[in-house]
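Everything in the sequence shown is counted per my numbering, starting at 1 for the first residue and increasing by one.
To start, the structure itself, in structure tokens.
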Amino acid sequence: MPELPEVETVVRGLRQPLVGRTFTGVTVTWPNSIKLPIPELRGRLPGQRIEKITRRGKYLQFHLSGGDTLFIHLKMTGDLLVEPISDPVHPHVRTVFDLDNGHQLRFKDPRKFGRVYLVDDPEQVVGN
1 MPELPEVETV VRGLRQPLVG RTFTGVTVTW PNSIKLPIPE LRGRLPGQRI
51 EKITRRGKYL QFHLSGGDTL FIHLKMTGDL LVEPISDPVH PHVRTVFDLD
101 NGHQLRFKDP RKFGRVYLVD DPEQVVGN
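So, in structure tokens, the structure goes:
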């Protein structure tokens, strides 16, 4: 499982290529990783711009222009990759987030334990 320093390294590595980018679509290949109805995710996420990326505990937080927050927990084997849309998608990629610049944010999770949340109130995910 990625520990806090590794999660922080992932956050820092994603800021430069992602902050300011806008989501244009999402493809889910492992529905159990998504913690809301997939049609809702597909309806709410496109058009939202990534304003900043932070970490809360082991959750990655993508603060979005529409007021929502996208949370991703990597769990044991998860990783986030920013790759050109033309690159082949690895078979362990569970969710693909299309971006407005011809790239994709790909959630790769071989063990299928990672989770994705899209909420309007962050306390729904990380509240006490």
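The C-beta atom is built at its ideal place from N, Cα and C for all residues, glycine as well.
- Within a 10 Å sphere around the beta-carbon of Leu14 sit 16 or more other beta-carbons, which makes this residue buried.
- DSSP places Val10 outside any beta strand (DSSP E); the residue lies instead in the alpha helix (DSSP H), whose first and last residues are Leu4 to Leu18.
- In this structure, the beta-carbon distance from Lys108 to Trp30 does not fall below 8 Å.
- Short of 8 Å from the beta carbon of Val26, and not among the five residues preceding or following it, lie these beta carbons of its own chain, in chain order: Leu41, Arg42, Leu45, Pro46, Thr95, Val96, Phe97 and Asp98.
- Here Ile85 is exposed, its C-beta having fewer than 16 other C-beta atoms within 10 Å.
- By the 16-neighbour rule on beta-carbons within 10 angstroms, His90 is exposed.
- Nearest in C-alpha terms to Gly114, of all of Gln104, Lys35, Gln48 and Arg56, is Lys35.
- Gln48 sits away from Asp79, with the two beta carbons spaced by 8 Å or more.
- Going by beta carbons, Pro2 and Lys58 fall inside the 8 Å limit.
- Contact between Leu60 and Val28 does not hold, since their C-beta atoms are separated by about 17 Å, which reaches or exceeds 8 Å.
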